[in-house]
Every structure is written in C-alpha cells, then in structure tokens.
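Student: The structure follows.
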Amino acid sequence: MLAHEFMRNAFLAGTFVALACGLVGYFVVLRAEVFAGDALSHVAFTGALAAAAAGIDLRAGLFVVTIGVALGMGAAGSRARADDAVIGSFFAWVLGLGALFLSIFTTNSSGSSGQGTAGVRVLFGSIFGLSGSEARLAALLGALAIVLLLAIARPLLFSSVDVEVAEARGVRVKLLAIVFLGVLGLVAAEATQAVGALLLLGLLSAPAGAAHRLTASPYRGMAMSAALALASMWGGLTLSYFVPSLPPSTAIVSLAVTIYAAAMALGRRAQIPKLESIR
Amino acid sequence: MRISDLFQFHFMTNALIAGTLVAVTASSIGWFMVVRRQTFAGHTLSLVAFPGAAAAALAGAPVFVGYFVVCGAGALALAAVTGGGETRSISQESAAIGSVQAFALGLGFLFVSLYHGLLTGLNSLLFGTFLGITDAQVLTMLGISVAVLLVLGAIARPLLFASVDADVARASGVPVAALSTGFLLLLGLAVAATSQITGALLVFALLVTPAATAQLITARPALSLGLSVVIALAVTWLGLGIAYFSIYPVGFFVTSLSFGLYVLVRLVRR
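Heads up: the protein sequence lines correspond to chains A and B, in order.
Counting in my numbering, the first sequence runs without a single skipped number right up to 279 at its last residue.
Counting in my numbering, the second sequence runs without a single skipped number right up to 270 at its last residue.
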C-alpha cells in the first residue's frame with residue numbers, strides 16, 4: 001500500500017491533519033464551539049471560490065479569508081464564546097457569498113468542466129489527489145497549529161473550564177478566545193484545502209466528543225482525542241485503499257463516528273474537567 | 001426595466017409564490033429555533049437533505065421520499081443524541097450534532113460516488129434553482145406550509161414555555177422531551193420539503209437571520225415572531241426582484257439583504 005506515492009502523501013498530510021483536528025477539537029468541544037468550526041469550514045469554501053473567481057492563488061484566498069474571519073468572530077463574540085444566532089446569521093451570508101463567487105467563477109471559465117466540480121472538490125476534498133508538495137505543506141501547517149495550541153493549552157483550558165476564576169487570576173480571557181479561534185481558522189483552512197470541509201467537521205467533533213466521555217483528565221483527554229482522530233484517519237485511509245468504491249472521507253468520518261457512538265454506548269457521562277486537574 | 005416586468009413570466013410568478021411560502025414558514029419555525037438555540041441543529045437538518053436525495057437516486061426511489069425519510073431520521077437522531085431536551089450538556093450536544101452532520105454528509109458523498117451523475121444537481125440542491133419551479137411544486141409547498149404552520153400554531157404556547165424555562169415548564173406538567181423531539185421533527189420535515197425546491201442555502205438563511213434580527217429589536221414574543229415573518233418576506237421579495245434584473249444568484253441577494261439588516265440593527269441597538 002505504501003509503495004504508491006499518492007498513499008504516502010495521503011498518510012503524511014492525513015497524520016498531521018488528524019493530530020491537529022483531534023487536539024483543537026478537544027477544546028472546540030469543551031467550549032461548545034463546534035458550530036463555529038462548521039461555519040469556518042464553509043468560510044474556507046467561500047474563500048477558495050472567491051480566489052478562484054478573482055483569478056488569484058486558491059490557497060492564498062482560502063487562508064487569508066478563513067483566518068481573518070476566525071479572528072473577527074473572536075473579536076465580535078462576547079467574552080466567552082460567540083452566540084449561535086450570530087454565527088448562524090453570518091454563516092448564511094457566507095454561503096450566499098459562496099453562491100455568488102461560484103456563479104462568477106463558472107461564468108468566467110465559460111461553462112467548462114462541469115459546474116460543480118470546483119465546489120465539490122472543496123467541500124469533500126480529495127486526500128488521494130495530493131501532490132508531494134501539497135502534502136508537505138499540509139503537514140507543516142498542521143504541525144504549526146499543534147505547536148501554537150500546545151503553547152496556549154494551559155491558560156486556554158483554565159479559561160474554558162471556568163471563565164470567572166481564570167479572569168480573576170489575570171488570564172487574558174478575551175485575547176485567548178481570539179487566538180484560539182485563529183488557530184481553529186488555521187486548522188479549518190488547512191484541512192479544507194487538503195482533505196475537504198466534510199472531514200474537518202467529523203475529525204473536530206467525533207474523536208473529541210468520545211475523549212470527553214472517556215476521561216475527565218484534560219491532558220489525557222487531549223492525547224486521547226488526538227489518538228482517536230489519528231486512528232480514524234489511518235484506519236479510514238487503509239480501508240478505502242482496499243475497498244475502492246468507498247471514498248476516503250466517508251471511511252474516515254464513519255470510523256470516527258463509530259468510535260464516538262461506542263463511547264456513548266459505554267454510557268459514561270461527559271465530565272467537565274476539574275480546575276485542580278489543570279495544573 | 002419596470003417592476004411590472006417581474007410578473008410578466010409564469011416562472012417568475014411561481015418563484016414569488018414559492019418564495020413567499022418559504023419565507024413565512026421558515027421564519028416562523030426559525031423563530032422558535034433561535035429561541036431554543038438550535039441553529040446548529042437547523043443547519044445540520046438543512047444539509048441532511050443532500051444524502052437523502054443521493055440515497056433516493058441510488059435506490060431509484062422518488063427524490064421526495066428520500067428527503068422525508070432521511071430528514072425525519074436525521075431529526076430523530078439529533079433528538080436522541082441531544083437527549084431530547086432533558087439534562088443537556090452543551091459541549092456534548094455540539095459534538096454530537098457535528099458528528100451527525102459529518103456522518104450524514106459522508107454517507108451522501110458515498111451515495112454520490114456510487115451513483116455517478118448526481119453531481120450536476122448538487123449545486124442546485126445546495127444553492128437552489130429558484131427560477132425553475134413548477135406549478136405542482138408550488139402546490140406541494142402550499143400544502144406543506146399550511147401543515148407546518150398549523151402544527152406549529154397548535155404547539156406554540158407550550159413550546160415557547162418549554163424553550164424559555166424547561167424546568168418550570170416540566171414542573172407544571174408540560175411534556176418537555178416530547179415537545180423537543182416533535183419540534184426537531186417538524187423542523188426537519190419543513191426544511192426537507194422547502195430545500196428540495198429552493199435550495200438548502202436559502203432555507204437556512206430564512207430560518208436564522210430574520211428571527212435573530214427580530215429578537216434583537218423586541219423581547220415581546222408575539223411581536224418579534226410577527227416581525228421575523230415581515231423581515232423574511234421583505235428580503236425574499238426584494239432579493240427575487242433584484243436577482244431578476246441581475247445575472248447573479250437569488251441566494252446571494254437574499255442572504256446579503258438579511259445579513260445587512262441584521263448588522264444594521266445590531267449597530268443601532270448597541
């Protein structure tokens with residue numbers, strides 16, 4: 001299986017995407033911001049289409065727009081987290097913009113090569129279609145997101161678990177929320193261009209949801225979430241290599257959701273980590 | 001370029017009627033959705049229509065059967081994973097909804113790749129083909145809108161009570177869990193029915209933005225519900241009118257108008 005170059009690229013990019021999604025996802029779920037992640041993945045879609053419509057580099061448009069919007073969402077939100085009606089209203093507009101750029105893009109490219117292919121590729125990604133340099137870039141950005149997140153992990157945990165106490169102890173709660181959304185934007189942009197928006201949502205929510213049910217210790221939970229995301233990624237890639245009619249994103253997401261369902265069936269209540277366990 | 005040009009063509013009349021129906025239905029049910037903070041669930045349900053259509057195409061069944069079965073199943077799945085309004089942990093709820101949505105899209109993608117050839121319809125499913133609505137579809141939408149509004153009207157009072165304060169409502173004998181499941185089911189069916197005709201994007205936009213705007217303006221339930229319907233109607237008519245004279249999609253104009261209004265109200269109220 002690893003003799004094929006496209007599989008090696010898929011595993012390289014997939015490993016870092018999964019680790020980054022698993023880690024960031026732990027906090028996304030803890031802070032109940034999965035909807036923001038979902039919105040950002042669609043922002044990435046619109047950003048890429050905007051770049052395509054303007055005729056500039058897709059990747060530049062995608063990263064600038066996604067990270068910019070993420071920072072804006074953090075700045076516009078309340079101290080702790082953005083309201084879901086706010087995200088939803090903005091999100092609907094972003095989708096509307098996406099429809100506009102798609103129509104500009106398809107008119108400009110004079111109806112060639114099928115209306116939706118660009119849109120479909122951004123939505124669902126094609127992890128088996130990555131070139132060597134694309135895979136290396138995805139891995140690098142994933143690693144960057146992981147480092148950034150680990151650097152703010154302690155104060156972020158603190159302020160996610162108990163905003164008031166964290167603020168009283170001098171943690172810059174608002175700044176952290178903005179930085180965290182920026183990292184989420186980075187991961188969303190990276191994952192969307194490498195593996196598609198669909199995988200991003202599955203890998204953000206399911207492994208982290210399972211980890212929160214399986215342990216209340218925050219550091220163990222972060223490790224477990226990353227490990228489960230990685231297991232889904234490797235398992236899904238292998239599965240879809242041997243079953244050609246099964247698209248890789250479907251296989252990866254299905255594995256992740258199965259793990260989450262199993263964790264739910266174990267019947268443990270999800271616990272919010274205790275403040276003492278953070279130090 | 002005159003306003004009367006708008007009514008010159010039959011397809012445009014149909015688009016206006018369908019738009020009116022979607023605006024009234026979506027903004028009414030969306031008002032409750034925003035009060036209940038279930039925007040994420042609403043978005044998920046509006047996307048579940050996609051695997052529904054793909055599954056129906058693959059199985060050779062009529063598309064609307066796929067929509068209803070899958071959206072109904074999606075609503076029940078959401079009700080199950082979010083605990084039907086009982087004891088909800090907000091962080092687990094968001095993880096569960098995200099997982100349901102990702103899984104549904106994953107299945108949809110699988111069906112599309114097994115089926116080959118629905119992909120051309122994917123854009124119209126997501127972004128809508130407002131201008132190709134037939135008379136039969138208008139009648140279907142009329143029936144669905146009336147049914148949804150009747151059910152919503154019948155459960156409106158207890159639903160509002162349960163949404164605003166679940167504990168007090170439960171203590172005074174309101175079946176909170178059943179209402180919660182019933183509401184998701186109603187939302188799922190309404191979204192399924194309308195998104196197959198106008199596209200998921202427009203339905204989602206009309207579900208959330210007018211309601212969010214109206215709730216910023218006034219805290220009185222009846223007034224803000226009415227205002228939400230008025231805003232939805234205004235942006236839909238205006239959006240359709242502008243789109244008629246432009247080459248760009250309806251979805252863009254409707255979402256931009258409603259979001260612009262929302263931002264304006266936020267700035268003024270601050």
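Think of the CB as a built atom: it goes at the ideal place given N, C-alpha and C, for glycine as much as any other residue.
A quick note: this is a predicted structure, and the numbers were derived from the prediction, not measured.
Use the C-beta contact count for Glu164 of chain A: other C-beta atoms within 10 angstroms, 16 or more gives buried, fewer gives exposed.
Tutor: Under this definition Glu164 of chain A is an exposed residue.
Student: Counting only C-beta atoms, is Leu181 of chain A closer than 8 Å to chain B at any point?
Tutor: No, no contact with chain B.
Student: Quick check: what's the CA-CA separation for Pro289 of chain A versus Ala13 of chain A?
Tutor: Here chain A covers residues 1 to 279 and nothing more, so residue 289 of chain A does not appear.
Student: Can you tell me which of B:Ser180, B:Ala15, B:Gln8, B:Val174 puts its alpha carbon nearest to the alpha carbon of Ala80 of chain B?
Tutor: Cα-wise, what sits closest to Ala80 of chain B is B:Ser180.
Student: Would you please verify whether the beta carbon of Leu49 of chain A is less than 8 Å from any beta carbon of chain B?
Tutor: Judged by the 8 Å Cβ criterion, Leu49 of chain A is not in contact with chain B.
Student: Quick check on the DSSP output: the alpha helix (DSSP H) that includes Tyr272 of chain B runs from which residue to which?
Tutor: Because chain B in this structure spans residues 1 to 270, residue 272 of chain B falls outside the shown range and cannot be described.
Student: In whole angstroms, what separates the C-alpha of Ala15 of chain B from that of Thr66 of chain A?
Tutor: Spanning the two alpha carbons is a distance of roughly 34 Å.
Student: On the CB-based measure, 16 or more other CB atoms within 10 Å of its CB, does Val271 of chain B come out buried or exposed?
Tutor: Nothing in the structure corresponds to residue 271 of chain B, since chain B is present only between 1 and 270.
Student: Would the stretch 206-216 of chain A count as touching the stretch 249-266 of chain A if we require 3 or more Cβ pairs under 8 Å?
Tutor: A contact exists between the stretch 206-216 of chain A and the stretch 249-266 of chain A.
Student: Taking buried to mean at least 16 other C-beta atoms within 10 Å of its own C-beta, is Leu139 of chain B buried or exposed?
Tutor: The residue in question, Leu139 of chain B, is exposed, as its Cβ has fewer than 16 Cβ neighbours within 10 Å.
Student: Can you tell me where the alpha helix (DSSP H) with Gly236 of chain A in it begins and where it stops?
Tutor: From DSSP, the alpha helix (DSSP H) with Gly236 of chain A extends over 218-242.
Student: Name, please, each residue of chain B whose Cβ falls closer than 7 Å to the Cβ of Trp93 of chain A.
Tutor: Chain B residues near Trp93 of chain A: Thr255, Ser256, Phe259.
Student: Which same chain residues end up closer than 7 Å to Gly111 of chain A when comparing Cβ atoms and leaving out the 5 residues on each side of it in sequence?
Tutor: Unreliable placement is indicated for Gly111 of chain A, whose pLDDT of 43 sits below 50; no coordinate value is reported for it.
Student: So, helix, strand or coil for Pro247 of chain A, using DSSP?
Tutor: Coil at Pro247 of chain A, not helix or strand.
Student: Is the stretch 183-200 of chain A in contact with the stretch 65-72 of chain B, if contact means three or more CB pairs nearer than 8 Å?
Tutor: Counting Cβ pairs under 8 Å, fewer than three are found: no touch.
Student: On the premise that Ala143 of chain A lies in contact with Phe16 of chain A, defined as a C-beta separation below 8 Å, what is that separation, rounded to the nearest angstrom?
Tutor: Right, the Cβ-Cβ distance comes to about 6 Å (below 8 Å), so this counts as a contact.
Student: By Cβ distance below 8 Å, which residues in the same chain neighbour Ile178 of chain A in space, the five residues on each side in sequence not counted?
Tutor: Once the five neighbours on either side are set aside, the close Cβ partners of Ile178 of chain A are Leu71, Gly74, Ala75.
Student: Applying a beta-carbon distance threshold of less than 7 Å, which residues of chain A neighbour Pro249 of chain B?
Tutor: The contacting residues are Ala99, Leu100, Ser103.
Student: Report the rounded CA-to-CA distance for Val151 of chain B versus Ala219 of chain B, giving the unit in angstroms.
Tutor: Answer to the nearest angstrom: the Cα atoms are 24 Å apart.
Student: So Gly172 of chain B is in the alpha helix (DSSP H); what residue range does that whole segment cover?
Tutor: For the sequence presented, residue 172 of chain B should be read as Ser rather than Gly. Neither: Ser172 of chain B is in no alpha helix (DSSP H) and is coded neither H nor E.
Student: Would you grab the beta carbon distance between Pro158 of chain B and Ala99 of chain A for me? Rounded to a whole angstrom, and I think it's under 8 Å.
Tutor: Incorrect: roughly 38 Å between the Cβ atoms, too far for contact.
Student: Should Gln101 of chain B go down as buried or exposed, given a rule of 16 or more other Cβ atoms within 10 Å for buried?
Tutor: Gln101 of chain B is buried by the Cβ-count criterion.
Student: Are the C-beta of Phe35 of chain A and some C-beta of chain B separated by less than 8 Å?
Tutor: Yes, Phe35 of chain A counts as interfacial toward chain B.
Student: Please classify Gly153 of chain B as buried or exposed, where buried requires at least 16 other C-beta atoms within 10 Å of its C-beta.
Tutor: Gly153 of chain B is exposed by the Cβ-count criterion.
Student: Among B:Gly98, B:Val265, B:Val263, which has the Cα closest to the Cα of Leu199 of chain A?
Tutor: Answer by Cα proximity: B:Gly98.
Student: Could you tell me the boundaries of the alpha helix (DSSP H) in which Asp38 of chain A lies?
Tutor: 34-54 is the extent of the alpha helix (DSSP H) around Asp38 of chain A.
Student: Among B:Gly106, B:Leu160, B:Thr13, which residue has its Cα nearest to the Cα of Leu47 of chain B?
Tutor: Measuring from the Cα of Leu47 of chain B, the nearest candidate turns out to be B:Gly106.
Student: Does DSSP put Pro51 of chain B in a helix, a strand or coil?
Tutor: Here Pro51 of chain B sits in helix by DSSP.
Student: Out of A:Gly61, A:Thr250, A:Leu95, A:Ser160, state which residue places its alpha-carbon closest to the alpha-carbon of Ser113 of chain B.
Tutor: Answer by Cα proximity: A:Thr250.
Student: Considering just the uninterrupted stretch of the alpha helix (DSSP H) at Met33 of chain B, what are its terminal residues?
Tutor: Element bounds for Met33 of chain B: 10-35.
Student: With DSSP run on the structure shown, which of helix, strand or coil describes Gly60 of chain B?
Tutor: Note: Gly60 of chain B maps to coil in three-state DSSP.
Student: I need the DSSP call for Phe245 of chain B, collapsed to helix, strand or coil.
Tutor: Coil, per DSSP.
Student: Which two residues bound the contiguous alpha helix (DSSP H) that contains Lys174 of chain A?
Tutor: Looking at the DSSP string, the run of the alpha helix (DSSP H) that includes Lys174 of chain A is 173-195.
Student: Quick one: list the residues of chain A neighbouring Leu201 of chain B, beta-carbon separation under 7 Å, in chain order.
Tutor: Those within 7 Å of Leu201 of chain B in chain A are Leu95, Gly96, Ala99.
Student: Do you know offhand how far Asp162 of chain A's Cα is from Glu93 of chain B's?
Tutor: Going by the C-alpha atoms only, they are around 19 Å apart.
Student: Near Ala226 of chain A, what residues of its chain come up, given a Cβ to Cβ distance below 7 Å and the 5 sequence neighbours on each side ignored?
Tutor: Excluding positions up to five away in sequence, the list reads Leu19, Gly22, Leu23.
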